[in-house]
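Working notes for the structure below.
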Amino acid sequence: MNARRVVAVVLPPLVLGVAAVAAWELLVQLLDLKPYFLPSPSSIADAFSGNVDRIWSAVRVSGTNALIGLLGGVVLGVAVSFLLMRFDLLNELANPMAVALNAVPIVVVVSIFQNWYPSTSEMPRRLIVAVVVYFIVLVNVSKGLRGVHATHLELLRSLAASPWAVLVKARIPNAVPFLFTALKIAAPTAVITAFVAEYFGGRQNGLGYFIPSNFAGSKNAMAWAYVLGACALGLAFYLISILLERLINKQSGPRPGGA
Amino acid sequence: MSAEPGTPNSVVVDRVSKVFNPGTSGEVEALTDIELTVTKGEFVSLIGPSGCGKSTLLRLIGNLIEPTAGTVLVNGKSAAQARLDQEYGMAFQQAGLFEWRTVARNIELPLELKGWDKARRRERAGQMLDLVQLSDFARHMPWQLSGGMQQRVAIARALAADPPLLLMDEPFGALDEMTREHMQAELLRIRSITGTSVVFVTHSIPEAVYLSDRVVVMSPRPGRITDVVDVALGARRSEDTREDATFFAKITEVREALRRVEGHVPVRGGVDDR
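First to last, the sequence lines map onto chains A and B.
Take this note's numbering: the final residue in the first sequence is number 261, and no numbers are missing along the way.
Take this note's numbering: the final residue in the second sequence is number 304, and no numbers are missing along the way.
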C-alpha cells in the first residue's frame with residue numbers, strides 16, 4: 003500500500019471517530035447530561051489518565067485469563083479434532099454431545115467451575131474461556147481435516163501414500179486456513195468470555211469486575227475508562243489473530259475456497 | 031506399436047467385472063467381462079456414454095478400487111503391487127494441485143513419497159517444468175495459473191517419477207476448445223519424448239481419435255467393451271492431422287460404433303460430438 007491509499011483507508015473512519023467523540027462531548031455539555039447518565043469524553047479521559055496503573059493491572063488480569071484460556075482451548079480443540087478424524091465412531095458419538103454441551107449457558111458452566119476451585123483462583127475463568135474456544139476450534143479444524151478434496155485423496159492413493167503421508171501432505175495443510183478462521187472468531191470471544199467469567203465472582207481484579215462495580219458505585223467516568231481498556235484488549239486479540247493469518251498467507255498465498 | 035519380446039504389456043485386464051454395493055438395493059453392475067490389453071508405448075482411449083464404466087475401468091487399472099471378479103496386471107505385476115511401486119502416474123479432470131504448494135513443489139510430491147532427497151527432487155522438478163514448458167512458473171502458486179497451465183503441471187507431476195504408464199481421467203474435460211486442442215498436441219509432444227503408455231478416458235470423439243493408437247468403445251448397463259477402433263494415424267500427428275481425410279474417416283467410424291452402442295435409445299449429450 004502506498005501512502006495515498008493508507009490515507010484513503012485510514013482517514014474516513016478517523017474523521018468519523020473524532021467527529022463522534024466531539025459530538026458526544028458537545029451533547030453532554032449543551033444538554034447538561036448528568037455524569038451518572040453519560041459522562042463526557044473529557045471526564046472519561048481524565049479518569050483514564052489518572053488511573054492508568056489500575057486499568058493496566060485489570061487489563062493484564064483479564065488479558066492473561068483470556069490468553070491462557072485461548073491457548074488451552076486451541077490446543078485441546080486441535081488435539082480432539084485429530085482424534086475425531088482418526089476414529090469415526092468417536093466422531094459420531096462426540097458430535098451431538100458437543101452440540102448439547104455447547105448449548106449450556108456460560109453462566110451455568112462458570113458456577114460449576116467455581117465450585118471446583120478456591121475463590122481466589124483464576125483457574126475457573128481460564129477453564130471457561132478454554133471451553134468456549136475449544137468448541138470453535140473443534141468445529142472448524144475438524145472440517146478442514148476431513149474436507150480434503152476427493153481428487154487429492156485419489157491422487158495420494160495412486161501414489162501409494164501412507165495414512166501418515168495423507169495426514170501430513172493433505173489433511174493438515176488443508177486444515178490450516180480453517181484454524182485461522184477459528185482463531186479470528188475465538189480471539190475476541192475469549193476476551194468477552196473472560197469478562198463474563200470475572201463478573202460472576204472470584205477475585206475482584208479483572209475488567210469484568212471493575213466495569214460493573216464502578217457503574218454500581220456511580221463512578222461512571224471510571225467505569226467508562228475501564229471500558230476503554232476492555233476495547234483495547236479485545237482489539238489487540240483480534241489484531242494478533244489477523245497478523246498471524248497474514249504471516250501464514252504470505253508463505254502460501256490466499257486460498258480461494260480454502261476457508 | 032508392437033512390444034519388444036520379453037517386455038510385459040503395460041496393462042492386461044482379464045475377464046474383469048465390477049459390482050458396486052453387491053447384495054443391496056443399490057447394487058450396480060458397473061463393468062462386466064472386460065478384456066483389454068495395452069501394449070508397451072501404446073495410447074489407448076476409453077470412450078462411451080456416461081455410465082458406461084470407463085472411469086471405473088481406469089480406477090481398476092490404477093487399483094484405486096478392486097475388481098469383483100477377474101485380474102488386472104500392470105507392467106506384469108498385480109495392480110495393487112504396481113500402485114505400491116508407483117508404476118503409473120495419474121491425472122484427473124480437475125488438476126488437483128495442492129493450493130498451498132508452489133508449482134515446483136507440487137511436481138515434487140510423488141518424489142517426496144518415494145523418499146528422494148531435496149536436491150534430486152529440485153533437479154527433477156526443473157526437468158519436468160522444462161518438459162511441459164512452464165519453467166518460468168516454478169515458484170508460482172497454482173491459483174496464479176490458467177486452467178490449461180494447471181493441467182500441464184498435473185501432467186508433469188504424474189510423470190515426475192518417470193512411470194511407464196500414464197492413466198488420465200478426462201484431463202482436458204474442463205478446458206475450453208482452443209486450450210483443449212493445444213493440450214492434446216502438448217500431450218502427444220510430451221509422450222513422444224517420454225514414450226509412456228497411456229490409458230485415456232474421454233467423451234470427446236475427435237480427442238480420442240486425434241490422440242490414440244486404439245479407441246475402445248464402451249456401452250452402459252452393464253458396462254462392457256463393444257468395439258475397438260484402430261486409428262493408425264501414424265506417429266507424426268500435427269495440427270494438419272485435424273483436417274485430414276483419414277482423421278474424419280476414423281471419427282465417423284468411432285461415431286458409428288457409438289451409435290450402435292446407443293442403439294434405438296438416443297442418448298443426447300452422452301457423448302461429445304465436437
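Ideal Cβ placement from N, Cα and C applies to all residues, glycine included.
Listed along chain B, the residues sitting closer than 7 angstroms to SER160/A by beta-carbon distance are GLY92, LEU94, ARG113, MET120. Residue pairing by DSSP places PHE50/B opposite VAL58/B in a beta bridge. Put simply, the backbone Cα of ARG205/A is about 8 angstroms away from that of GLU124/A. Boundaries of the beta strand (DSSP E) harbouring LEU76/B: 73 to 77, taken from the DSSP string. Its Cα nearest to that of SER160/A, the residue LEU90/B stands out among VAL133/B, ILE255/B, LEU90/B, GLU237/B.
Residue-level contact check: GLN181/B does not touch chain A, since none of the beta carbons of chain A fall below 8 angstroms from its beta carbon. The Cβ-Cβ distance between PHE50/A and ALA227/A falls below 8 angstroms. For the segment 193 to 225 of chain B, the residues whose beta carbon sits under 8 angstroms from a beta carbon of chain A are, in order, LEU197. Rounded to whole angstroms, the separation of the alpha carbons of ALA24/A and VAL150/A is 52 angstroms.
Looking at the backbone, the Cα of ALA168/B and that of GLU156/A are separated by about 24 angstroms. DSSP places GLY52/A in no beta strand (DSSP E) but in the uninterrupted alpha helix (DSSP H) bounded by 43 to 52. Here the alpha carbon of VAL231/B sits roughly 36 angstroms from the alpha carbon of VAL143/A. Nearest to VAL133/A by C-alpha distance, out of TRP166/A, SER164/A, SER113/A, ILE108/A, is ILE108/A.
Taking C-beta separations shorter than 8 angstroms and ignoring five residues to either side along the sequence, the partners of VAL247/B in its chain run ILE77, GLY78, ILE255, THR256, ASP257, VAL258, VAL259, VAL284, ALA287, LEU288, VAL291, following chain order. As summarised for the segment 110 to 186 of chain A, there are no continuous beta strand (DSSP E) elements at least 3 residues long confined to that stretch. In the displayed model, ARG131/B falls within coil according to three-state DSSP, outside both helix and strand. Assigned with DSSP and collapsed to three states, ALA149/B falls in helix. Ranked by Cα distance from GLY208/A, the options ASN222/A, ALA232/A, PHE217/A, ALA218/A are led by ALA232/A. For ILE235/B, the three-state secondary structure derived from DSSP is helix. In the same chain as ARG151/B, and ignoring 5 residues on each side of it, the C-beta atoms closer than 8 angstroms to its own belong to GLU138, LEU141, GLU142, in chain order. For THR86/B, the uninterrupted alpha helix (DSSP H) run begins and ends at 84 to 91, by DSSP. Non-local beta-carbon contacts of THR66/A in its own chain, meaning distances under 8 angstroms to residues more than five positions away in sequence, involve GLU124 in chain order. SER85/B and SER227/B do not touch by the CB rule: their CB atoms are close to 18 angstroms apart, not below 8 angstroms.
No Cβ of chain A is located within less than 8 angstroms of the beta carbon of PRO97/B. Chain-order list of chain B residues neighbouring THR153/A: PHE122, GLN123, GLN124, ALA125, GLY126, by C-beta distance under 9 angstroms. Counting only unbroken stretches of 4 or more residues, the alpha helix (DSSP H) elements lying wholly within the segment 177 to 240 of chain B are 177 to 189, 207 to 224, in sequence order.
In terms of Cα proximity to ILE235/B, the closest of THR37/B, ALA186/B, GLY203/B, PRO252/B is GLY203/B.
Within the same chain, MET125, PRO126 come within 6 angstroms of TYR119/A by CB-CB distance, once the 5 residues on both sides are set aside.
In this structure, the alpha-carbon of THR209/B lies about 53 angstroms from that of LEU103/A. Residue contact check for LEU129/A against chain B: no CB pair falls below 8 angstroms. Boundaries of the alpha helix (DSSP H) harbouring MET99/A: 90 to 104, taken from the DSSP string. For the segment 160 to 180 of chain A, the set of positions with a beta-carbon nearer than 9 angstroms to some beta-carbon of chain B reads SER160, LEU161, ALA162, ALA163, SER164, ALA167, LYS171, ALA172, PRO175, ASN176, VAL178, PRO179 in chain order.
Here the alpha carbons of ASP115/B and GLY106/B stand approximately 12 angstroms from one another. Within chain A, the residues LEU161 have their CB atoms less than 8 angstroms from the CB of PRO140/B, given in chain order.
Going by beta carbons, ALA177/A and LEU147/A fall inside the 8 angstroms limit.
Per DSSP, reduced to three states, the secondary structure at GLY204/A is coil, with no helix or strand assignment.
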